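In the numbering used here, the protein residues as written are 6 to 336.
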């Protein structure tokens with residue numbers, strides 16, 4: 006004899022497949038309908054930054070493909086954390102995306118606490134581009150390349166110094182990685198911003214600094230500072246005569262290359278992530294987009310979601326190690 010409780014259990018089991026199917030069907034419909042409204046590209050920095058430039062350049066192409074507006078929303082603050090937090094809390098439906106840069110993996114190492122996890126709270130969609138950093142020195146410093154700088158630093162431990170636009174910046178972490186890789190002691194001189202740091206590099210108040218190629222190109226070409234090497238696997242199109250660290254036998258510095266990527270909130274469906282990847286990569290590979298970005302010192306470099314996710318995890322681990330060894334704290 007079937008009891009009332011047993012009857013309810015049987016009915017629940019019979020109903021479950023239908024309910025499951027309905028849920029899966031609804032989720033599939035939601036993904037198929039993407040985008041159902043405007044898509045927001047959250048740029049965690051000010052207008053004119055590299056990620057902002059990319060977003061505004063490819064936005065119209067994505068809008069044309071999707072048949073929906075693409076809105077660029079600048080949310081600067083806390084080294085990109087404010088914009089990242091907004092995306093981490095957004096619905097995982099593809100309509101709110103983060104235009105991230107490599108500081109996304111540095112901030113967790115420098116800041117004691119964050120309202121999100123830089124890896125777990127995001128789904129990597131695609132790498133979009135990269136940009137070289139350059140190691141520049143005052144022209145009076147008696148060095149010609151990276152090897153001679155290392156030799157000079159080892160011969161004068163604690164006598165040379167380097168400028169950065171502040172504690173915990175990419176410029177700071179880049180030099181600390183270089184110091185650790187080569188076993189040299191160079192004194193850190195933090196400034197409030199890149200302009201003052203560059204001014205003192207030119208005047209000889211400091212000996213060297215890392216900076217983005219666009220920020221130092223004019224001074225390098227004018228001979229006011231001397232470029233020793235650029236980061237990354239390829240030379241910068243803006244400074245084609247300057248050899249890479251890798252060419253000079255220092256491959257560890259490839260890690261300093263700035264990258265730009267698009268991330269979605271965690272739990273975004275995998276098939277939607279793949280679709281977003283295809284659409285962003287297609288937009289980035291347009292000849293007109295590549296030509297315009299090249300003028301800004303940005304080189305298109307794309308890949309799969311899995312590759313981008315692996316890069317994020319590798320970088321987080323690397324920068325945490327650098328920060329711990331150097332005892333770096335944010336300003």
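Ideal placement from N, C-alpha and C gives every residue a C-beta, glycine not left out. Just so you know, these numbers come straight off a predicted model, no measurement behind them.
- For residue 251, the closest C-alpha among the options 243, 160, 239 is that of 239.
- In the three-state DSSP reduction, residue 200 falls in the helix class (H, G or I).
- Per DSSP, the unbroken alpha helix (DSSP H) holding residue 223 starts and ends at 218-226.
- For residue 59, there is no enclosing beta strand (DSSP E); the enclosing alpha helix (DSSP H) covers residues 55-71.
- Taking residue 49 as reference, the option from 241, 199, 268 with the minimal CA-CA separation is 268.
- Between residue 229 and residue 206, the alpha-carbon positions lie close to 9 Å from each other.
- Measuring C-alpha to C-alpha distances from residue 270 to each of 76, 106, 124 identifies 124 as the nearest.
- When only Cα atoms are considered, residue 200 and residue 170 end up about 8 Å apart.
- Proximity of the stretch 307-323 to the stretch 159-167 falls short of the contact definition, fewer than three beta-carbon pairs being nearer than 8 Å.
- For residue 127, the pairing in a beta bridge is given by DSSP as 270.
- Beta-bridge partners assigned by DSSP to residue 193: 167.
- Excluding the 5 residues flanking it on each side, residue 150 has same chain C-beta neighbours closer than 8 Å at 233, 234, 248, 253, in chain order.
- Here residue 305 is near residue 290, since their CB atoms are less than 8 Å apart.
- Residue range 44-48 is occupied by the beta strand (DSSP E) that includes residue 45, with no alpha helix (DSSP H) assigned at that position.
- In this structure the stretch 153-163 touches the stretch 186-202; the number of beta carbon pairs closer than 8 Å is three or more.
- Around the beta carbon of residue 90, 16 or more other beta carbons sit within 10 angstroms, so the residue counts as buried.
- Boundaries of the alpha helix (DSSP H) around residue 285: 275-289.
- Contact annotation: residue 263 and residue 107 have beta-carbon atoms nearer than 8 Å.
- Contact annotation: the stretch 67-81 does not touch the stretch 113-121, with fewer than three C-beta pairs closer than 8 Å.
- In summary, residue 53 is exposed, with fewer than 16 beta-carbon neighbours lying within 10 Å of its beta-carbon over all protein chains present.
- DSSP, read as helix, strand or coil, puts residue 249 in strand.
- Per DSSP, the beta-bridge partners of residue 79 are 48.
- Going by DSSP, residue 103 is part of the beta strand (DSSP E) stretching over 101-106.
- DSSP places residue 154 in the helix class (H, G or I) of the three-state scheme.
- For residue 45, the closest alpha carbon among the candidates 61, 146, 51 is that of 61.
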